[in-house]
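A short worksheet on the structure shown next.
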Amino acid sequence: MTAQKTIYWIATGLLSALFLYSAFLFLTDTLVIQGHYQDYQYPSYLVVPMAIAKIFAIAVILLRKPKWVMEWAYAGLFFDLVLASFAHYRLGDSSFTLTLLGILFLLVSYFFGKTVRP
Numbered sequence: 053m054t055a056q057k058t059i060y061w062i063a064t065g066l067l068s069a070l071f072l073y074s075a076f077l078f079l080t081d082t083l084v085i086q087g088h089y090q091d092y093q094y095p096s097y098l099v100v101p102m103a104i105a106k107i108f109a110i111a112v113i114l115l116r117k118p119k120w121v122m123e124w125a126y127a128g129l130f131f132d133l134v135l136a137s138f139a140h141y142r143l144g145d146s147s148f149t150l151t152l153l154g155i156l157f158l159l160v161s162y163f164f165g166k167t168v169r170p
């Protein structure tokens with residue numbers, strides 16, 4: 053396996069683990085997450101749909117079919133991470149660094165995926 057493939061699969065694996073863990077928390081601790089959403093002044097009814105969207109996005113990224121849906125999945129996860137970064141930063145949360153790592157994993161996965169799995 054080449055170095056590019058290794059980097060791609062590590063970044064994609066870490067990205068998948070991060071979002072699947074997040075979706076798991078959203079589905080198992082829904083009331084706690086809804087409380088956090090209210091702290092951030094986000095609508096709390098978005099918690100379960102966001103969890104489902106995260107699971108579908110990771111599935112599409114791993115399958116990479118169809119291509120245009122994969123692009124939208126990466127874009128959706130990118131916007132989710134950027135908005136989460138701003139929300140955590142604004143409230144002075146320590147989770148801010150985890151969202152920045154998520155952005156790094158996402159960008160590495162996206163750009164290396166274009167050469168490794170065209």
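53 is the number of the first residue of the sequence shown in the numbering used here; add one for each residue after it.
Beta carbons: idealized from backbone N, C-alpha and C, even for Gly.
Secondary structure note for proline 101: its alpha helix (DSSP H) is the uninterrupted segment 99 to 115. DSSP, read as helix, strand or coil, puts tyrosine 162 in helix. Per the C-alpha coordinates, the member of Tyr141, Ser137, Ser146, Pro170 positioned closest to leucine 156 is Ser137. For phenylalanine 148 and threonine 80, the gap between their C-alpha atoms comes out near 22 Å. Secondary structure note for glycine 144: it is in no alpha helix (DSSP H), with a DSSP letter that is neither H nor E. The continuous alpha helix (DSSP H) containing serine 74 extends over residues 55 to 80.
Closest in alpha carbon position to glutamine 90, among Thr167, Leu143, Val168, is Leu143. By the Cβ criterion, the segment 93 to 102 is not in contact with the segment 64 to 71, since fewer than three pairs of Cβ atoms, one from each stretch, lie closer than 8 Å. The beta carbon of alanine 103 is closer than 6 Å to those of Ala75, Phe78, Leu79 in its chain, skipping five residues each way along the sequence. When only Cα atoms are considered, leucine 114 and glycine 154 end up about 16 Å apart. Straight-line measurement puts the Cα of arginine 169 at about 10 Å from the Cα of glutamine 56.
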